[in-house]
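For the record, in the sequence shown the residue sitting at position 195 is 195 according to the UniProt record's numbering, with numbers rising by one throughout.
Glycine included, C-beta positions come from ideal geometry on N, C-alpha and C.
Model, not experiment: these values are computed from the prediction.
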Amino acid sequence: MELVAAAKTRNAEEVNAAVAAGIHAIGYNYIQEAERMRPLVGGTVPWHMIGHLQRNKVKKAVELFDMIETIDSERLALEVDKQSAAVGKVMPVLIEINSGKESNKSGVLPENAIGLICRIHHLSHLTIVGLMTMGPRFGNPKYARPYYRITKRIFDEIRQVELPGVEMRYLSMGMSNSYQIAIAEGANVIHIGTALFGESRKK
Ligand SMILES: *Cc1c(COP(=O)(O)O)cnc(C)c1O
Numbered sequence: 001m002e003l004v005a006a007a008k009t010r011n012a013e014e015v016n017a018a019v020a021a022g023i024h025a026i027g028y029n030y031i032q033e034a035e036r037m038r039p040l041v042g043g044t045v046p047w048h049m050i051g052h053l054q055r056n057k058v059k060k061a062v063e064l065f066d067m068i069e070t071i072d073s074e075r076l077a078l079e080v081d082k083q084s085a086a087v088g089k090v091m092p093v094l095i096e097i098n099s100g101k102e103s104n105k106s107g108v109l110p111e112n113a114i115g116l117i118c119r120i121h122h123l124s125h126l127t128i129v130g131l132m133t134m135g136p137r138f139g140n141p142k143y144a145r146p147y148y149r150i151t152k153r154i155f156d157e158i159r160q161v162e163l164p165g166v167e168m169r170y171l172s173m174g175m176s177n178s179y180q181i182a183i184a185e186g187a188n189v190i191h192i193g194t195a196l197f198g199e200s201r202k203k
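Structure below.
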């Protein structure tokens, strides 16, 4: 199990305490915040981009992060490949699944996930290492189970196909109020904010 500290709005002292306590990775939603915090946070844990990524921010994202969990389109993947090539990196990425099929939400629809992976797995400067889903944004987390289950099913399907450039290793799903359910449904990466740092001070 890998615990990603969802570090948005937390100060350097809090994030460094989490690193010292042994979290596996630091997750940020916004490039700007990650850029500001990067020099203030010590340790060698990997940094994960866990928020929606705009194409014009990919260059920065590739410099700042060790994994991008939110690939949801071919255009975004092409840009990550291009910018990673420019700095000589091979970027590990997760495909974000819009498992709740919510409009206005990032992530590829479950039925389009395999098609997307087939179009981008050949890219030589990114490597697909799993899937991520947030589940539905609203509602009681106990109702998230079917959405985690759908994502796990896609994960298993892709794993069986054995495409080059694809290694289905990480299934990233679950937050403070849903991680038990997510783990029961097969998650091996969880994003924890509140349960690690306490209630957020900012609204
Ligand atoms: C804030 C955030 C989390 C953490 O949420 P908590 O409920 O505070 O644990 C997880 N994932 C993402 C993408 C987030 O933005």
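Listed in chain order, the non-local C-beta contacts of valine 45 below 8 angstroms within the same chain comprise Val19, Ile23, His24, Ala25, Ile26, local neighbours out to five positions each way being set aside. At least one heavy atom of ligand 1 sits closer than 8 angstroms to the Cβ of threonine 194. In this structure, Gly165 is the residue among Gly165, Gly186, Leu171 with its C-alpha nearest to the C-alpha of histidine 121. Bridge partners of histidine 48 according to DSSP: Gly27, Met67. With distances taken between CA atoms, methionine 168 lies nearest to Gly186 out of Gln180, Val58, Gly186, Ser176. In the assembly as shown, leucine 116 is a buried residue. Its beta-carbon has 16 or more other beta-carbons within 10 Å. With contact defined as three or more Cβ pairs closer than 8 angstroms, the segment 93-108 and the segment 59-79 are in contact. In terms of Cβ geometry, methionine 132 and valine 90 do not form a close pair [threshold 9 angstroms]. In this structure, DSSP gives methionine 37 a helical state, which the three-state scheme calls helix.
In its chain, beyond the 5 residues on either side, Asn98 have a beta carbon closer than 6 angstroms to the beta carbon of lysine 105.
For lysine 8, the Cβ falls inside the 8 angstroms cut-off from some heavy atom of ligand 1.
Membership of threonine 127 in the beta strand (DSSP E) is indicated by the continuous run 126-133.
Apart from sequence neighbours up to five positions away, the residues of its chain that approach arginine 145 with a beta-carbon distance below 7 angstroms are Ile181, Glu185, ordered along the chain. In the structure shown, the three-state DSSP call for proline 136 is coil.
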